[in-house]
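Read the structure below first, then the notes.
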Amino acid sequence: MALDALVLPLLNVPLFQGLKPLQLTEIARRADRIVYRPGDVIVAANAEPDAAVLVVSGEAVRTEGPGLGDGAEAIPAGALISEMTMLIETACTSTVVARTPVRALRITRSEMLAHMTDDPTLADHFIEKISGRLNTFVTGLKEIDSSLVAIAGETPAGELPTPAQTQQQAQIVDDAATVTLH
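Take a look at the structure:
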């Protein structure tokens, strides 16, 4: 696969957006090119992998993990699986399996750390992106807290909230979780 064809999927990954073309090219150059066959496990829950996996083409499904209802959740081409693994040691919370042949880039932690050592602006970029996500998450939690305090203020001391207030609280939490997690 030509290097340019490997850089293109990187452009759509939010964590990589804003990087210079040379930085993206270097990430693609350092990545392992891999093909998963149908049924191959791409990442396994509770495993401690050493790489993130960018799905370049093919279909994968999440078969185990938090928030997964009945069945499997489709993982589209362009998805970066186990994203933080390329930066830090962490355990996977989900299992992802190839449904069809999946062409992918494995971005290993060792190569990413070497790249950040060679180009410290890359590390700065990741710090900024991840800090932004955390700030968004904290803002969402504060909004939930404020909403719950406001609802609690509508309930006289010593009384339980009405079913309508309980429903309103649940809806606020669901809405905030949806905004925060997506």
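All residue numbers in the sequence shown are consecutive under the UniProt record's numbering, ending with 182.
Built from N, CA and C at the ideal position, the CB exists for glycine as well.
Source: prediction; values computed, not measured.
Threshold first: 4 residues or longer. Then list the alpha helix (DSSP H) segments lying entirely within the region 104-144, N to C. 109-118
Return the Cβ separation of A98 and G39 in integer angstroms, given the expectation that the two are a contact with Cβ distance under 8 Å. 7 Å
For residue 193 and A77, I'd like the C-alpha separation in whole angstroms. Past the edges of the chain, shown from 1 to 182, lies residue 193, and the structure says nothing about it.
Under the three-state DSSP convention, the category A28 falls into: helix
Over the uninterrupted beta strand (DSSP E) stretch that includes S57, give me the two end residues. 51-57
So, are the CB atoms of L15 and F126 less than 8 Å apart? yes
Using the Cβ count rule (16 or more neighbours within 10 Å means buried), how would you classify E48? exposed
Using the Cα positions of residue 183 and G58, report the straight-line distance between them to the nearest angstrom. Lying outside 1 to 182, the shown extent of the chain, residue 183 is not represented and no answer is given.
Using the rule of at least 16 other Cβ atoms within 10 Å of the residue's Cβ for burial, across every protein chain shown, is L22 buried or exposed? exposed
Using 8 Å for Cβ pairs, my map puts L54 next to P9. What's the rounded Cβ distance? 6 Å
I'd like the span of the beta strand (DSSP E) that includes V61, first residue to last. 60-64
Answer with buried or exposed for I107, where buried requires no fewer than 16 other C-beta atoms within 10 angstroms of its C-beta. buried
Alpha carbon of E128 to alpha carbon of S94, nearest angstrom: 26 Å
DSSP puts T95 in a beta bridge; with which residues? E64
State the beta-bridge partners of E73 as determined by DSSP. R62
Beta carbon of E111, beta carbon of R30: below 8 Å? yes
Alpha carbon to alpha carbon, how far is G71 from R103? Give it in angstroms, no decimals. 23 Å
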